[in-house]
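Take 1 as the starting number for the sequence shown in this note's numbering and just add one per residue.
From the three backbone atoms N, C-alpha and C, an ideal C-beta is built for every residue, glycine too.
What you are looking at is a predicted structure, and each value in this text was computed from that prediction instead of being measured.
Data block below; observations after.
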Amino acid sequence: MDQFRTDLVRELGEGAVTDAPERLDAYVTDTYWLGLHAQAEGEPLGRPELVVRPDHEAGVVSALRVAAEHRVPVVPWGGGSGTQGGAVPVRGGLVVDLTGLDRILEIDDCSYTVTCEAGLNGRVLERKLNERGLMLPHYPASSEWATVGGYVAARGSGVLSTRYGKIEDLVLSLRVVLAGGELIETVEVPRHAVGPELTQLFVGSEGTLGVITRVTLRIVPLPATRRFATVRFPTIGSGVDAIRRSLALGHRPSVVRMYDDEATRLALSPVVGEELDGVCAVLCFEGETGAVAAEAASTLALAREAGGRELDPVLAETWWQRRYDFYYPPHQPVLPSIWGTIDVVATYGKIEAVYDGLRAAVKEPYAGVDLELRMHFSHWYSWGTMIYARFVVPDGGGGPNAAALHDRIWADGLDAAFAAGGVMNDHHGVGLKLAPYMERQHGAALGAMRRIKAALDPDGIMNPGKLGF
Ligand SMILES: Cc1cc2nc3c(=O)[nH]c(=O)nc-3n(C[C@H](O)[C@H](O)[C@H](O)COP(=O)(O)OP(=O)(O)OC[C@H]3O[C@@H](n4cnc5c(N)ncnc54)[C@H](O)[C@@H]3O)c2cc1C
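Structure below.
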């Protein structure tokens with residue numbers, strides 16, 4: 001490590017390289033519950049030996065070249081907001097903090113694209129675009145902390161995804177530094193038939209295939225109108241059916257967030273400031289005024305046909321204004337509570353069975369530890385939807401085996417979802433958390449992924465221990 005440090009300093013300068021213990025401590029975990037728990041117990045899941053924070057792409061190239069020469073593990077670090085342990089340096093080595101690469105390089109308001117460096121903070125980018133009447137329609141709840149590179153690397157999703165798509169639908173091209181320091185750039189536009197589209201290989205690769213240094217994304221004009229609606233449905237099934245039929249007609253509401261009874265009472269009600277119960281959905285339609293009116297009227301007619309009753313639209317508007325409140329205390333749990341989000345997806349034909357299976361597997365068996373299970377449906381497609389099943393054990397189970405309890409809840413929830421015909425969705429990525437389940441999801445295809453990984457990273461130094469690689 002001494003020689004590695006010397007070589008890094010020669011390439012990047014003393015100021016860009018640190019091994020000061022208090023600085024290294026800032027990189028022991030992202031927001032993964034097990035990582036935070038282990039840190040609080042004084043036994044972090046990982047710790048880097050060195051951190052570099054380059055302020056230009058050439059610095060990333062140099063860092064990866066020197067790391068390859070010394071066969072030192074490399075862990076890219078964006079905002080550290082990940083929930084899966086993806087940025088935890090479980091094998092030590094070098095953390096490459098990307099936040100020094102934070103420039104917007106081009107906003108093209110003719111083609112509606114933005115090109116920026118990967119370490120740019122999501123909220124900063126949004127502000128700059130909004131000043132020009134534009135937006136990146138990717139609104140994850142973590143945009144205050146997350147970086148654009150982290151959005152792409154973890155294959156994220158934001159609240160407007162039903163209309164605009166998820167990050168994989170917004171990314172056009174990337175620049176990536178591969179293990180060993182080779183810099184590649186994918187084709188400027190993603191629609192061509194000249195071979196496979198390489199950009200998507202790196203979307204969701206979580207630093208295991210290379211370090212993303214530059215991203216070009218699709219952007220849109222700020223909508224002329226946003227119209228809100230709140231609907232209470234008699235059952236989960238009736239709500240799913242109304243939205244399914246709306247999407248089949250070609251409507252694309254920007255927000256469809258449907259809460260089950262427990263989530264309505266424990267999550268939605270305190271944030272909107274009104275005591276609600278039952279299955280409640282907040283909806284938003286946006287875009288050109290006439291189109292918005294037509295889309296909202298048609299969708300709400302389908303909701304009424306399904307037995308839905310319209311509540312005050314101000315509730316949905318309040319939800320929009322306070323949508324980040326969910327992620328701060330007192331709404332966001334803190335240690336010693338245990339929490340996690342089992343995020344699964346299925347076709348419309350199976351989604352109710354997945355919901356019932358999750359509730360049966362995660363709620364009733366854990367009544368003894370007062371487990372809360374708040375489920376909502378928030379990213380909708382023409383063929384299906386996903387369930388965001390947020391569990392909280394408020395006092396951490398009251399015993400010394402909190403980590404085992406956490407793992408058991410996850411295993412029970414995922415087993416039930418798979419058994420009912422769902423798969424893991426997790427728009428937070430895979431990281432450490434879901435690595436043990438990769439084979440179950442991908443089967444033999446995981447072997448093909450491992451061979452791609454081996455070809456791009458023969459020494460296995462890129463974010464080792466993640467993604468089941
Ligand atoms: C309160 C809260 C709410 C959240 N809400 C959402 C949400 O609504 N939608 C959503 O999608 N996610 C959400 N997340 C999860 C997380 O914020 C996202 O996954 C985010 O995209 C991570 O970005 P980051 O810059 O913080 O990445 P990090 O946490 O730093 O890293 C995530 C992974 O990507 C890798 N990585 C980071 N940057 C690069 C790069 N430039 N090149 C290669 N690999 C890289 C890391 O090694 C790691 O494996 C939430 C998290 C929290 C804490």
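Cβ neighbours of residue i in the same chain (closer than 6 Å, five flanking residues each side left out)
i	result
S246	T299, L302
D241	A306
G237	E352
P333	W339, V392
R103	E117
S269	E275, L276
V272	L315, T318, W319
L183	V61, V177
A267	R374
N463	V75, G207, T208
T225	T289, V292
A63	V52, V96
G158	H138, Y139, P140
A479	With the chain covering 1 to 469 only, the question about residue 479 has no answer from this structure.
Run of the beta strand (DSSP E) containing residue i, from where it starts to where it stops
i	result
S246	Not the beta strand (DSSP E): S246 falls in the alpha helix (DSSP H), residues 236 to 248.
T225	225 to 233
T385	384 to 393
G35	Segment 33 to 40 is the alpha helix (DSSP H) holding G35; no beta strand (DSSP E) there.
T341	338 to 347
Residue i: first and last residue of the uninterrupted alpha helix (DSSP H) it sits in
i	result
P270	269 to 272
T6	2 to 12
V66	57 to 70
M438	438 to 442
V292	289 to 305
DSSP bridge partner residues for residue i (one or two, in chain order)
i	result
L50	L94
E255	The amino acid at residue 255 is misidentified as Glu; the sequence shows Val. In DSSP, V255 forms a bridge with C284.
T115	E106, T216
H376	Y259, Y388
L311	T230
N130	Per DSSP, none; premise fails for N130.
V362	BP columns for V362 are empty, so no partner.
W77	D97
T470	This structure gives no information on residue 470, because the portion of the chain shown stretches from 1 to 469.
N121	T147
P221	L134
V279	F233
Cβ shell of residue i (< 7 Å), same chain only, five flanking positions each side left out
i	result
A118	L98, L101, T147, V148, G149, I212, T213, R214, V215
W410	G340, I342
A419	G357
R218	Y112, T113, L170, L172
Residue i classed as buried or exposed, judged by whether at least 16 other C-beta atoms fall within 10 angstroms
i	result
D395	exposed
C110	exposed
G399	exposed
N401	exposed
A448	exposed
P253	buried
D260	buried
H192	exposed
P365	exposed
A389	buried
G443	exposed
W33	buried
Y437	buried
V203	buried
A445	exposed
Q3	exposed
Q84	buried
Same chain only: Cβ atoms within 8 Å of residue i, ignoring 5 sequence neighbours per side
i	result
L222	N130, G133, L134, M135
E197	T186, V187, P190
V194	V187
> Considering only residues of the segment 135 to 215, which uninterrupted beta strand (DSSP E) runs meet the minimum length of 3 residues and lie entirely inside it, listed in chain order?
Replying inline: 171 to 177, 183 to 185
>> Give the list of continuous alpha helix (DSSP H) stretches no shorter than 4 residues that lie fully inside the segment 418 to 468.
In response: 438 to 442, 445 to 456
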